[in-house]
Amino acid sequence: MLRFAAFWVLLLLLAGRAWGQAAPDTAVAVLRTVPYSGTVLDQGWKFRAGDDPAWAQPDFDDRAWTPVNPNQRPQVLPQLHAARIGWLRLRLQVPDSLRNRALVLLFQQTCASEVYLNGRLLHRYGAVSAVPGQVQPAGFTADPLEVHFTGPAEQVLAVRFAPWPPLALFKDNINFMRVRITGLPGLLRRNVERAVGPVANFATFAVFLLLSLLHLFFLRYNPARRANFYFALYAGTGALGFLGLYGGWQVQGMAATLAMSILADVFLLMSYLWAVRALYSLFNYQTGRIYIGLWVLLVVSLVLSEFTQFTSVSVLTTYSFVFFGFVGLASAEQLRLTMRALRQRQRGAGLIAAGFVGALLCALVYAMLIIMQVQISFRVSSILVAFMALSPAVGISLFLAREFASNSELLLVKLRQVQELSAQTQAQQLEKQALLATQNELLESQVAARTMEVAGQRDRAELALADLKVTQEQLVQAEKMAFLGELTAGIAHELQNPLNFMKNFA
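In structure tokens, the structure reads:
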């Protein structure tokens, strides 16, 4: 992790050194040609604090003025910010081939300004005032300004400006004033390329939003998988970050643009930490001092990167170094967790690692383009940033989607097994019911037969009882007749012997 972070910081240092190289100043700048991509006018400028309308005139003697290159960060130009109001002058040698030709000046600036050409006011960008509270800048990217170089070969471009004081409190990654001259084809190309930026930001916002809703859906059907909750936070904060970047293209005014940029930075950096927390939960790792330290470092990084008056003591603490340095550290922790999961052969670690490798490759390409001082178009920059942000999110979401699909397939298999078991149980119940019905019928027939048998036995018993009664009556009658016969015989015998009778009677 430390080696990866050190490598990332080294790239940033080299990039910062490449950005910090300024072109040498000359007394008169020579505009030999205007290429398709345009030419940045960063040589030959002179500066003086104060305010005098005569300083716009082409015949004014400015040899005592201070040479300066305004195409640098405001923190590198303290003399410009110290002046409540000031002037910049550029003597430009224009060849005959470019005179009377429609050209366009493109201003990117952090101040309010008035642009003069040969003493004639061309345009006002915002409200210039010697009172700091009344300065109203128009925006970082000013509207294109059409110019026609007529008259002598030496043209004088003068800019009356007033710094915007609140900007000194915030980011230091925006140059004080960059003036680019191009033709109408170059302007059309620039407009087309600039249209890619907001489209790419909004598309990335939409993808992150869908991924956040997808993880909430996964969490709804599998609450035990807490990683989905943290991935939803990761994708949600990423969506808010790119929504802030998109809003920066849409709002008007420097204050609103700066506010949207700060909100975008806050949410984008938070998304990296939620991604780290999601990996801890996904791979069943316990959070510790590294994770807590990253949250502390997040707060410090936001303060140092957004409020650069605290960091102007060193070129190593600029916005770009702090912002991308934190991104590098958070990415290193993500990579460490993923590599650890790969060594443990955890499921899905390879797919997630592929996403982080894709983001790392995009970051390396972007850093190398800066180091080699290659002019990066809006289209290339927007595409690289979008891929750098989406690669890990897509890798993680593909893994969780595959896991959800496998779980769903497993549930379908279990459901089919349950259905088969239910069908078997139902068939067994039907068989049992049929057997029970058969047994009931058999039992009923046996009971009926037994009942008939018992009824027959009862009838026979009743007949036998009747026969017994008749026999008993006959026996009783026979006994009675026998007793009467004996009694009659005795009486007759006694009557035949009266003397015995009389004796018995006496």
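In case it helps, mature numbering (1 follows the signal peptide of the UniProt record, and there is no 0) puts the sequence shown at residues -20 to -1, 1 to 486.
Each residue gets a CB set at the ideal place from its N, CA and C atoms; glycine is no exception.
All of these numbers come straight from a predicted model, not from anything done at the bench.
Environment of residue i [buried if 16+ CB atoms lie within 10 Å]
{"i": "Gly24", "result": "buried"}
{"i": "Val450", "result": "exposed"}
{"i": "Gly470", "result": "exposed"}
{"i": "Met250", "result": "buried"}
{"i": "Glu466", "result": "exposed"}
{"i": "His128", "result": "exposed"}
{"i": "Thr431", "result": "exposed"}
{"i": "Ala472", "result": "exposed"}
{"i": "Met348", "result": "exposed"}
{"i": "Gln59", "result": "exposed"}
{"i": "Tyr210", "result": "buried"}
{"i": "Val365", "result": "buried"}
{"i": "Gly113", "result": "exposed"}
{"i": "Val10", "result": "exposed"}
{"i": "Thr468", "result": "exposed"}
{"i": "Ser285", "result": "buried"}
{"i": "Gln89", "result": "buried"}
{"i": "Phe150", "result": "buried"}
{"i": "Tyr16", "result": "exposed"}
{"i": "Glu383", "result": "buried"}
{"i": "Gln399", "result": "exposed"}
{"i": "Arg170", "result": "buried"}
{"i": "Phe304", "result": "buried"}
{"i": "Tyr201", "result": "exposed"}
{"i": "Asn181", "result": "buried"}
{"i": "Gly221", "result": "buried"}
{"i": "Pro146", "result": "exposed"}
{"i": "Glu313", "result": "buried"}
{"i": "Phe141", "result": "buried"}
Beta-bridge pairing of residue i - partner residues as DSSP gives them
{"i": "Lys26", "result": "Pro47 and Arg69"}
{"i": "Ala92", "result": "Ala142"}
{"i": "Val10", "result": "Gln73"}
{"i": "Phe87", "result": "Val159"}
{"i": "Glu134", "result": "Gln73"}
{"i": "Ala82", "result": "His128"}
{"i": "Leu97", "result": "Arg100 and Leu137"}
{"i": "Thr121", "result": "Gln88"}
{"i": "Val179", "result": "In DSSP, Val179 forms no bridge with anything."}
{"i": "Val108", "result": "Answer is none; Val108 lacks a bridge partner."}
{"i": "Gln116", "result": "Ala107"}
{"i": "Thr19", "result": "Ile161"}
Enclosing beta strand (DSSP E) for residue i [first to last residue]
{"i": "Thr162", "result": "Met157 to Gly163"}
{"i": "Gln230", "result": "Element bounds for Gln230: not the beta strand (DSSP E) but the alpha helix (DSSP H), Ala207 to Gln230."}
{"i": "Leu125", "result": "Leu125 to His128"}
{"i": "Tyr105", "result": "Arg100 to Tyr105"}
Residue range of the unbroken alpha helix (DSSP H) whose run includes residue i
{"i": "Gln59", "result": "Pro58 to Ala62"}
CB contact check: residue i to chain C, cutoff 7 Å
{"i": "Gly328", "result": "Among the chains of the structure shown, chain C does not appear; only one protein chain is present."}
Near the ligand GTP: residue i beta-carbon under 6 Å from a heavy atom
{"i": "Pro203", "result": "The ligand GTP is not part of this structure, which contains no ligands at all."}
Legend entry - Those runs of the alpha helix (DSSP H) which lie wholly inside the segment 256 to 327 and span at least 4 residues: 269 to 286 and 299 to 323
Inset, instruction - Evaluate contact between the segment 134 to 143 and the segment 69 to 77, counting only Cβ atoms and requiring at least three cross-stretch pairs below 8 Å. - result: yes
Inset, instruction - Answer yes if the segment 18 to 34 comes into contact with the segment 114 to 127, meaning at least three C-beta pairs across the two stretches below 8 Å, and no otherwise. - result: no
Legend entry - the segment 178 to 192 touching the segment 202 to 218, judged by at least three CB pairs closer than 8 Å: yes
Legend entry - At least three beta-carbon pairs within less than 8 Å, the segment 330 to 340 to the segment 368 to 386: yes
Inset, instruction - Pair every Cβ in the segment 268 to 281 with every Cβ in the segment 240 to 258, then say whether three or more of these pairs are closer than 8 Å. - result: yes
Inset, instruction - Could you tell me whether the segment 320 to 336 touches the segment 375 to 384, using the rule of 3 or more Cβ pairs below 8 Å? - result: yes
Legend entry - At least three beta-carbon pairs within less than 8 Å, the segment 50 to 61 to the segment 155 to 172: yes
Legend entry - At least 3 beta-carbon pairs within less than 8 Å: the segment 81 to 99 vs the segment 36 to 43: yes
Inset, instruction - Kindly confirm or deny that the segment 160 to 175 and the segment 256 to 267 touch, where touching means at least three C-beta pairs closer than 8 Å. - result: no
Inset, instruction - Assess, as a yes-or-no matter, whether the segment 229 to 245 is touched by the segment 198 to 208 under the definition of 3 or more beta carbon pairs within less than 8 Å. - result: no
Legend entry - Segments assigned beta strand (DSSP E), at least 3 residues, entirely inside the segment 364 to 400: none
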